[in-house]
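Colleague: Quick one: the structure is below, questions incoming.
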Amino acid sequence: MSNKILITPKSFKAYKDKAYLMLRENGFEIIENTLGRTMTEDEIIECAGEGVVGIIIGIDPLPASVLEKCKDLKAISKYGVGMDNIDLNRAKELGIKVNNAVGTNNVSVGELAIGLMFAIGRNIPRNTADVKEGRWDRRIGVELTDKKLGLIGGGLIGKEVAKRAIGLQMKVSIFDPYFTDEAFLTQYGIERCYDIEELYKESDIISLHLPVTKDTKEFMNKDVFSKMKSSALLINTSRGELVNENDLYEALVNGEIAGAAQDVFSSEPPTKEEKLLTLDNFILTSHIGAFTNEAVEKMVLTSTQNLLDMLLA
Ligand code: NAD
Numbered sequence: 122m123s124n125k126i127l128i129t130p131k132s133f134k135a136y137k138d139k140a141y142l143m144l145r146e147n148g149f150e151i152i153e154n155t156l157g158r159t160m161t162e163d164e165i166i167e168c169a170g171e172g173v174v175g176i177i178i179g180i181d182p183l184p185a186s187v188l189e190k191c192k193d194l195k196a197i198s199k200y201g202v203g204m205d206n207i208d209l210n211r212a213k214e215l216g217i218k219v220n221n222a223v224g225t226n227n228v229s230v231g232e233l234a235i236g237l238m239f240a241i242g243r244n245i246p247r248n249t250a251d252v253k254e255g256r257w258d259r260r261i262g263v264e265l266t267d268k269k270l271g272l273i274g275g276g277l278i279g280k281e282v283a284k285r286a287i288g289l290q291m292k293v294s295i296f297d298p299y300f301t302d303e304a305f306l307t308q309y310g311i312e313r314c315y316d317i318e319e320l321y322k323e324s325d326i327i328s329l330h331l332p333v334t335k336d337t338k339e340f341m342n343k344d345v346f347s348k349m350k351s352s353a354l355l356i357n358t359s360r361g362e363l364v365n366e367n368d369l370y371e372a373l374v375n376g377e378i379a380g381a382a383q384d385v386f387s388s389e390p391p392t393k394e395e396k397l398l399t400l401d402n403f404i405l406t407s408h409i410g411a412f413t414n415e416a417v418e419k420m421v422l423t424s425t426q427n428l429l430d431m432l433l434a
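Yeah, the sequence shown ends on 434 if you go by this note's numbering, and it's all consecutive.
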């Protein structure tokens, strides 16, 4: 009987003792991703083509063409939340169960979004680099207090950002057509925005906390940037595909918006030639949103338990 589990996320290793024991105690054999990077489609097929019943997947690709070749696959457990790297429709058709580690990294990503607001608002990375390179220069920044923060997406991460922003005395507005937690808005004094055009025009900072779908892909584009305040900052800790990066470059160079800070990019890592990286008013971190001791441990244990629940059900 097939009993192998493929585990792709690199960061699993630091907390693997407990997780591997959970799997082995239930009779499963583990195949690790030893490449030290995200696996390619061919590499996944090579490891999981036969005998693999479960995959714990990071951001490695699982399109239909890969799923169809993993003959014994019964369950996929996402190490994390965003499932845009998995063809969920094809998985369903093939009878492969899928689950994600909801509620494990929302605090970490929310904290990073707030950190990026300070980083771009006060030019912290550029200033630090200047000082280390021997220049005691100062670039004027902006306060967050009293600024209007427009959150697009009010799910688990959006709410963590909202709570913290209220603590910073910002004015917070959430645009999310599917939002239902009115009690949250009342409890924290947060506004609900029903007209996204208003949010574009009035926000001092816009922070993205929605998934990528065919409808949301590149919805931050030149048309939207032209409606934003020229002093506005864009924060993106969600997915690079939400932003048209060429249009963002033009908007930053032409002063249509003042700055952008992202933890994600359309192609990770970006190439050295990526022109956005040449701009002082653009910050990029290397998809570290969920990369904290606390979130990694929770993601490892939750994704392992989710896989066991699906396979042993
Ligand atoms: P979530 O599912 O809890 O919340 C997403 C919210 O977006 C939902 O409330 C949904 O109603 C809303 N939404 C959907 N379509 C929308 C639209 N068109 N306009 C406005 N709102 C819309 O998800 P989450 O855990 O809060 O994650 C949010 C994003 O963060 C995802 O894209 C996820 O991939 C990303 N993420 C990034 C990292 C990282 O390391 N940087 C880590 C975890 C998650």
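Ideal Cβ placement from N, Cα and C applies to all residues, glycine included.
Between isoleucine 404 and chain C, is there a C-beta pair that is closer than 8 Å?
Modeller: Absent here is chain C; the protein component of the structure consists of one chain.
Colleague: Is the beta carbon of valine 385 within less than 7 Å of some heavy atom of the ligand NAD?
Modeller: Position 264 of the sequence shown, counted from the start, is the residue given in the question as residue 385. Yes, the beta carbon of valine 385 sits closer than 7 Å to at least one heavy atom of the ligand NAD.
Colleague: Could you tell me the distance, in whole angstroms, from the CA atom of glutamate 162 to the CA atom of threonine 225?
Modeller: Taking the sequence shown and counting its residues from 1, the one referred to as residue 162 is at position 41. Taking the sequence shown and counting its residues from 1, the one referred to as residue 225 is at position 104. Glutamate 162 and threonine 225: Cα-Cα distance of roughly 26 Å.
Colleague: Out of curiosity, what's the CA-to-CA distance linking asparagine 248 and aspartate 193?
Modeller: The count along the sequence shown starts at 1 and reaches residue 248 at position 127. The count along the sequence shown starts at 1 and reaches residue 193 at position 72. Whole-angstrom Cα-Cα distance: 53 Å.
Colleague: Pull the bridge partners of phenylalanine 153 from the DSSP assignment, please.
Modeller: Taking the first residue of the sequence shown as 1, we reach residue 153 at position 32. Residue identity differs from the one stated: residue 153 is glutamate in this sequence, not phenylalanine. Partner(s): Ile128.
Colleague: Which whole-angstrom value describes the C-beta separation of asparagine 220 and asparagine 427, a residue pair presumed to lie in contact below a C-beta threshold of 8 Å?
Modeller: Here the question's residue 220 lines up with position 99 in the sequence shown. Here the question's residue 427 lines up with position 306 in the sequence shown. Correct: roughly 4 Å between the Cβ atoms.
Colleague: Any heavy atom of the ligand NAD closer than 7 Å to the beta-carbon of leucine 331?
Modeller: Taking the sequence shown and counting its residues from 1, the one referred to as residue 331 is at position 210. Yes, the beta carbon of leucine 331 sits closer than 7 Å to at least one heavy atom of the ligand NAD.
Colleague: Give me the Cα-Cα distance between leucine 320 and arginine 145, rounded to the nearest whole angstrom.
Modeller: Counting from one through the sequence shown, the residue named residue 320 turns up at place 199. Counting from one through the sequence shown, the residue named residue 145 turns up at place 24. About 51 Å.
Colleague: Using 8 Å for Cβ pairs, my map puts isoleucine 166 next to isoleucine 126. What's the rounded Cβ distance?
Modeller: By 1-based counting over the sequence shown, the position of residue 166 is 45. By 1-based counting over the sequence shown, the position of residue 126 is 5. In fact, because the Cβ distance is near 16 Å, the residues do not count as touching under 8 Å.
Colleague: Is there at least one non-hydrogen atom of the ligand NAD closer than 7 Å to the beta-carbon of phenylalanine 296?
Modeller: Along the sequence shown, read from residue 1 onward, the residue named residue 296 stands at position 175. It does: the Cβ of phenylalanine 296 is within 7 Å (strictly closer) of some heavy atom of the ligand NAD.
Colleague: Just checking serine 132 against the ligand NAD - is the residue's beta carbon closer than 7 Å to any of the ligand's heavy atoms?
Modeller: Within the sequence shown, the letter at position 11 stands for residue 132. False, no ligand heavy atom lies under 7 Å from that Cβ.
Colleague: List the endpoints of the continuous alpha helix (DSSP H) containing alanine 234.
Modeller: Sequence index remark: in the sequence shown, residue 234 carries index 113 (1-based). First-last of the alpha helix (DSSP H) with alanine 234: 227-242.
Colleague: Just the C-alpha distance for glutamate 312 and phenylalanine 296, rounded to the nearest angstrom, thanks.
Modeller: Walking along the sequence shown from the start, residue 312 turns up at place 191. Walking along the sequence shown from the start, residue 296 turns up at place 175. Each residue's Cα considered, the two are about 9 Å apart.
Colleague: Just confirm the distance between the C-beta atoms of aspartate 336 and lysine 268, as a whole number of angstroms; I'd bet it's less than 8 Å.
Modeller: Along the sequence shown, one-based indexing puts residue 336 at 215. Along the sequence shown, one-based indexing puts residue 268 at 147. Incorrect: roughly 28 Å between the Cβ atoms, too far for contact.
Colleague: Counting pairs of beta carbons, one from the stretch 376-396 and one from the stretch 351-358, are three or more of them closer than 8 Å?
Modeller: Yes, the stretch 376-396 touches the stretch 351-358.
Colleague: Alpha helix (DSSP H) containing lysine 218: first to last residue?
Modeller: Here residue 218 is taken as the residue at index 97 of the sequence shown, counted from 1. No alpha helix (DSSP H) holds lysine 218; the beta strand (DSSP E) holding it covers 218-221.
Colleague: Taking the alpha carbon of leucine 215 as the reference point, which residue from Tyr200, Gly231, Val230 and Lys195 has its own alpha carbon closest?
Modeller: The residue you call residue 215 lines up with position 94 of the sequence shown. Of the listed residues, the one whose Cα sits closest to leucine 215 is Lys195.
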